[in-house]
Amino acid sequence: MTNPRQYKIPYRFLNRQKDIKDGKCSQVTSNNLEMKLREDLELLKRIRAHRGLRHYWGLLLRGQHTKTTGRRSRRS
1452 MTNPRQYKIP
1462 YRFLNRQKDI
1472 KDGKCSQVTS
1482 NNLEMKLRED
1492 LELLKRIRAH
1502 RGLRHYWGLL
1512 LRGQHTKTTG
1522 RRSRRS
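Residue numbers (my numbering): 1452 to 1527.
Here's what the structure looks like:
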């Protein structure tokens, strides 16, 4: 479904709420979704945000404990 808003689907059901660049809500599919995710990560890395740096270093992002768990390998 390329334009779910024409069927009066609420914004909260769309998978791309409040785009970083233009601030619009949209439904992104397949290759575009991967491209948008990559662009978001590159932006976070470029502005040196905490999440971007953790992605760059290959560490856990969302507050998990890293002292005693996850020592085998880094996550990406």
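Where a beta carbon is used, it is the ideal one built from N, C-alpha and C, also for glycine. If you're wondering where the values come from, they're calculated on a predicted model, not measured in any experiment.
Mapping the DSSP letters down to three states, classify residue i as helix, strand or coil.
i       : result
Arg1467 : strand
Gly1503 : helix
Pro1461 : coil
Arg1523 : coil
Lys1496 : helix
Arg1513 : coil
Lys1487 : helix
If residue i sits next to residue j, beta carbons under 8 Å apart, how far is it from one beta carbon to the other, in whole angstroms?
i       : j       : result
Met1452 : Gln1478 : 7 Å
Gly1503 : Leu1511 : That belief does not hold up - the Cβ atoms of Gly1503 and Leu1511 are roughly 14 Å apart, past 8 Å.
Who are residue i's beta bridge partners in DSSP?
i       : result
Ser1481 : Paired residues: none, contrary to the question.
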